[in-house]
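Q: Quick one: this structure, given as structure tokens, is what I'll be asking you about.
Residue numbers (this note's numbering): 1 to 420.
If you want it as structure tokens, here you go:
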């Protein structure tokens, strides 16, 4: 923690605010969301389809709107979307605890999702702008606060549930209300120049999107890095399924422990891993190394026999450790590469599209993993699921290496900046 505090103090006040902001965002989000489904189905008595609808609306209104949020941030500046997102989360989280009819719950869920789409690209673009040449270190430190919020959120939420779910929602809403005031008072109003010449009119939204979609190096890098998000998500999908298959009744406790291990590695090891990666690898090599480790994380599971719970537990822990280490190595350089590939122009729009591509990749990847899992279980080919995940990591790592060696990642796009 001393190293984290020393590192944090080396950044400017706006960067420190953005880090504290992300910690509080994740703290409030994860103290509520893990328990929302149980509240909807249990306390409110909603049918399973209604619970799925409320949760699905939240996910769609965030993942599907990242590009919109990034576009807004580049047009009006980063401060306004961050503040607006925090305000929407204040209202949405407050409503989730106090309304009991489906239309209101859907509206509240949509508000909380769109809030994330507003502040997520804006926060990252603002962090990149404020950090300047120290973007890699800034994103590494940022990720520690991000993971710490994820780690503490469910624990705080569980403690507050001793009162009731409304208390959880009220506290979460209060955190976002406080964040709104903090952004208003202390965050500089940074914005992206939409033209190179002040005499030229600003580009239209369609021209803004066309310029990003025409950035071929960025699109290729985004596609290659999608694998890291698919693999990371297996902490919520394939690994719990494996825990159930290998360990039976103890699966729930083991899965909870895996989440703790994953977050703890990111919090404790992120800064050391980033410093080590900067010493030995370039900004293009580090994501490839991270992807390779994430793919190799599933090798032990492919060789774990049924009826060997100790081996299964060791394989699950090894998988989580390698996934967390690989993600920690990759993330800061990945975020830096996005900025470099857009030549520091329309950064929030690029981050918005990057998040949209990643979210789509997670959705399609989970469908594929689920289908492979069912096929593998039905045909007694359990190794097939793990082999597919290993191949995903190695193929994506190879793709990043090819992009780097062919010079594609070194190219600077000629962004269109004129009015459409």
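Idealized CB from N, CA, C, for every residue including glycine.
Straight-line CA distance for residue 157 to residue 88?
A: Taking the CA atoms as reference points, residue 157 sits about 20 Å from residue 88.
Q: With a Cβ-Cβ cutoff of 9 Å, do residue 120 and residue 153 count as a contact?
A: No.
Q: Between the region 226 to 238 and the region 322 to 332, are three or more C-beta pairs nearer than 8 Å?
A: yes
Q: Which of the three DSSP states is assigned to residue 323 in this structure?
A: When secondary structure is reduced to three states using DSSP, residue 323 falls in the helix class.
Q: With a threshold of 8 Å on Cβ separation, who are the neighbours of residue 15 within its own chain once the five nearest residues in sequence on each side are excluded?
A: Closer than 8 Å at Cβ, skipping near neighbours: 127, 130, 131, 138.
Q: Whole angstroms is fine: what's the gap from residue 387's alpha carbon to residue 379's?
A: The straight-line gap from Cα to Cα measures roughly 15 Å.
Q: Is residue 318 near residue 300, with beta carbons less than 9 Å apart?
A: yes
Q: I believe residue 392 touches residue 244 by the beta-carbon criterion, under 8 Å. Please report the beta-carbon distance rounded to the nearest angstrom.
A: About 22 Å separates the two Cβ atoms, so there is no contact after all.
Q: In angstroms, rounded to a whole number, what distance separates the CA positions of residue 195 and residue 208?
A: No answer about residue 195 holds up, because its pLDDT of 49 lies below 50 and its placement is not dependable.
Q: If you reduce the DSSP assignment to three classes, tell me which class residue 337 lands in.
A: helix
Q: What does a CB cutoff of less than 6 Å around residue 9 pick up in its chain, not counting 5 residues either side in sequence?
A: none
Q: Would you call residue 375 buried or exposed, if buried means 16 or more other Cβ atoms sit within 10 Å of its Cβ?
A: Exposed, by the Cβ-count rule.
Q: Excluding sequence positions up to five away, which residues of its chain have a Cβ less than 7 Å from the Cβ of residue 312?
A: Only 246, 247, 304 meet the Cβ criterion.
Q: Check this for me: beta carbons of residue 118 and residue 104, under 9 Å apart or not?
A: no
Q: Name the two residues that bound the continuous alpha helix (DSSP H) containing residue 293.
A: 285 to 296
Q: Output the distance between the C-alpha atoms of residue 186 and residue 344, rounded to the nearest integer angstrom.
A: 23 Å
Q: Given 8 Å as the limit, is there contact between the region 53 to 69 and the region 352 to 363, that is, 3 or more CB pairs closer than that?
A: yes
Q: What number of angstroms, rounded off, separates the C-alpha of residue 49 from the C-alpha of residue 40?
A: 11 Å
Q: For residue 188, which of 181, 79, 285 has the nearest alpha-carbon?
A: Residue 188 has its Cα closest to that of 79, out of 181, 79, 285.
Q: Exposed or buried, which one is residue 410 when buried takes at least 16 other CB atoms within 10 Å?
A: exposed
Q: Let's test the definition: count the other Cβ atoms within 10 Å of the Cβ of residue 381 and tell me whether it reaches 16, buried, or not, exposed.
A: Exposed, because fewer than 16 other Cβ atoms sit within 10 Å of the Cβ of residue 381.
Q: Assuming residue 205 and residue 71 form a contact by the criterion Cβ under 8 Å, report the distance between their Cβ atoms to the nearest whole angstrom.
A: 6 Å
Q: Just verifying my parser: in three-state terms, what is the DSSP assignment at residue 318?
A: Residue 318: helix per DSSP, three-state reduction.
Q: In terms of residue numbering, what span does the alpha helix (DSSP H) encompassing residue 408 cover?
A: Here residue 408 belongs to no alpha helix (DSSP H), and DSSP marks it neither H nor E.
Q: Counting contacts by CB-CB distance shorter than 9 Å, is residue 130 in contact with chain D?
A: The structure shown contains no chain D; it holds only a single protein chain.
Q: What's the C-alpha gap between residue 339 and residue 347?
A: 6 Å
Q: Quick one: Cα of residue 403 to Cα of residue 57, how far?
A: So the alpha carbons of these two residues sit roughly 36 Å apart.
Q: Can the beta-carbon of residue 261 be found less than 9 Å from the beta-carbon of residue 320?
A: Yes, the pair counts as a contact, with Cβ atoms nearer than the cut-off.
Q: Do residue 3 and residue 271 count as a contact pair if the criterion is CB distance below 9 Å?
A: yes
Q: Can you tell me where the alpha helix (DSSP H) with residue 236 in it begins and where it stops?
A: Here residue 236 belongs to no alpha helix (DSSP H), and DSSP marks it neither H nor E.
Q: Quick one: complete alpha helix (DSSP H) runs, 4+ long, within the region 327 to 390?
A: 347 to 378
Q: In this structure, how does DSSP classify residue 305 when only helix, strand and coil are distinguished?
A: Correct three-state label for residue 305: coil.
Q: Distance, Cα to Cα, residue 215 vs residue 353?
A: Just so you know, the alpha carbons of residue 215 and residue 353 end up roughly 11 Å apart.
Q: For the alpha helix (DSSP H) holding residue 211, just list the boundary residues, first then last.
A: 205 to 213
Q: Could you say which of 233, 155, 106 lies nearest to residue 27 if we only look at CA atoms?
A: 155
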